[in-house]
Amino acid sequence: MSVVTVSAALVTVGACGAAAENQDPESSSVERLQVEVVEELPHDPEAFTQGLEFAGETLYEGTGLVGRSTLRAGPAGEQPTRTVALPEPLFGEGITVVGEKVWQLTWRDGVAVERDRHTLTEQRRVQYSGEGWGLCHQAEPGRLVMSDGSSTLTFRDPATFAETGSVQVTEDGTPVEELNELECVGEEVYANIWHSDDIVRIDPDTGAVTARIDASGLLDTDEQAGADVLNGIAAYPGTDQFLITGKLWPKMFRVNLVPVT
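What follows is the structure in structure tokens.
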């Protein structure tokens with residue numbers, strides 16, 4: 001699998017999304033950003049991406065659909081070096097790495113699977129109520145952050161998976177629904193918004209959206225024909241950049257987040 005580097009010039013894609021267009025920039029405290037493509041990498045077009053996260057140089061990806069759900073690990077842009085399947089009828093969702101383990105959510109099965117980070121072998125299953133969508137880990141204050149497709153983020157203990165609290169996510173006072181795949185970066189949480197090309201940056205202590213990121217225009221018309229929605233955001237280690245992709249996308253994109261022009 002080859003890697004395409006965008007070297008002639010950085011490519012800025014997208015324009016302000018629908019939500020941004022309906023906001024008066026003068027009256028909003030939400031920063032408006034868009035993606036600037038630095039590099040294109042191949043992605044398995046059969047992967048129904050539900051979770052994406054780096055741990056060191058290893059990229060972990062959780063995929064969904066009954067009978068096709070997996071957890072994969074390996075270098076970004078290359079064939080995974082390890083892949084394990086979730087048995088039917090489980091439908092895989094978000095993932096996150098916590099120390100020497102990986103948590104993997106399921107959609108409506110009410111089960112979180114704990115795996116060994118290195119071998120991906122299953123260690124145990126923990127039950128929870130409601131749907132599982134996205135998941136990430138905040139090292140400080142030491143908690144998991146989980147989405148369920150609503151405007152609520154739920155906090156969980158990273159060792160027991162027990163619920164410890166929740167917060168409603170709002171943008172200028174309006175609830176933000178369909179929070180999907182999550183990425184924790186320091187004190188902030190980034191969330192894909194289902195059925196859109198937008199990503200929001202959230203203060204998880206207050207639930208306030210502090211930035212809306214337009215990630216539209218990454219795939220061309222032919223690529224879009226076989227692809228599903230944008231879903232998958234991973235902070236690139238040692239940089240301020242992100243790797244983003246989507247369900248059944250043939251590519252991943254290493255991007256900078258820059259002000260909308």
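Here UniProt numbering is used: the first residue of the sequence shown is 1, the next is one more, and so on. The beta-carbon is built from N, C-alpha and C at its ideal position, and this holds for glycine as well. Owing to the predicted nature of the structure, the values given are computational and were not obtained by experimental measurement.
Local conformation of residue i per DSSP, three classes
i	result
residue 115	strand
residue 101	strand
residue 58	strand
residue 96	strand
residue 91	coil
residue 255	strand
residue 47	coil
residue 80	coil
residue 342	Lying outside 1 to 261, the shown extent of the chain, residue 342 is not represented and no answer is given.
residue 241	coil
residue 246	strand
residue 86	coil
residue 160	coil
Same chain, Cβ closer than 6 Å to residue i, neighbours up to 5 away in sequence not counted
i	result
residue 105	93, 94, 112, 132, 135
residue 185	235
residue 161	112, 126
residue 70	63, 83, 85
residue 237	54
residue 197	215, 216, 230
residue 252	41, 43, 243, 245
Spatial distance of residue i from residue j (CA atoms)
i	j	result
residue 79	residue 122	21 Å
residue 178	residue 152	9 Å
residue 183	residue 223	25 Å
residue 48	residue 30	30 Å
residue 60	residue 137	14 Å
residue 158	residue 117	14 Å
residue 75	residue 255	17 Å
residue 321	residue 109	Since the first residue shown for the chain is 1 and the last is 261, residue 321 is missing from the structure and cannot be characterised.
residue 28	residue 124	45 Å
residue 50	residue 199	14 Å
residue 101	residue 107	20 Å
residue 169	residue 149	12 Å
residue 167	residue 141	15 Å
residue 8	residue 39	Any answer about residue 8 is weak, because its pLDDT of 36 lies below 50 and its placement is not dependable; what the coordinates show is given next. Going by the C-alpha atoms only, they are around 11 Å apart.
residue 139	residue 98	9 Å
residue 244	residue 57	16 Å
residue 91	residue 68	8 Å
residue 119	residue 89	22 Å
Contacting residues, own chain, Cβ-Cβ under 8 Å from residue i (five flanking each side not counted)
i	result
residue 227	45, 219, 246, 247, 248, 249, 250
residue 188	201, 202, 203, 204, 210
Cross-strand partners of residue i (DSSP beta bridge)
i	result
residue 155	145, 165
residue 124	114
residue 31	211
residue 171	174
residue 74	59
residue 42	251
residue 234	243
residue 65	None; residue 65 has no bridge partner.
Same chain, Cβ closer than 7 Å to residue i, neighbours up to 5 away in sequence not counted
i	result
residue 229	194, 195, 246, 247
residue 147	133, 134, 153, 179, 180, 182, 191
residue 241	38, 254, 255, 256
residue 115	71, 101, 102, 104, 121, 122, 123
residue 164	143, 155, 156, 157
Quiz item: In the region 174 to 225, which residue ranges form an unbroken beta strand (DSSP E) of at least 3 residues, counting only runs that do not cross its ends?
Solution: 179 to 185, 188 to 193, 198 to 202, 209 to 214
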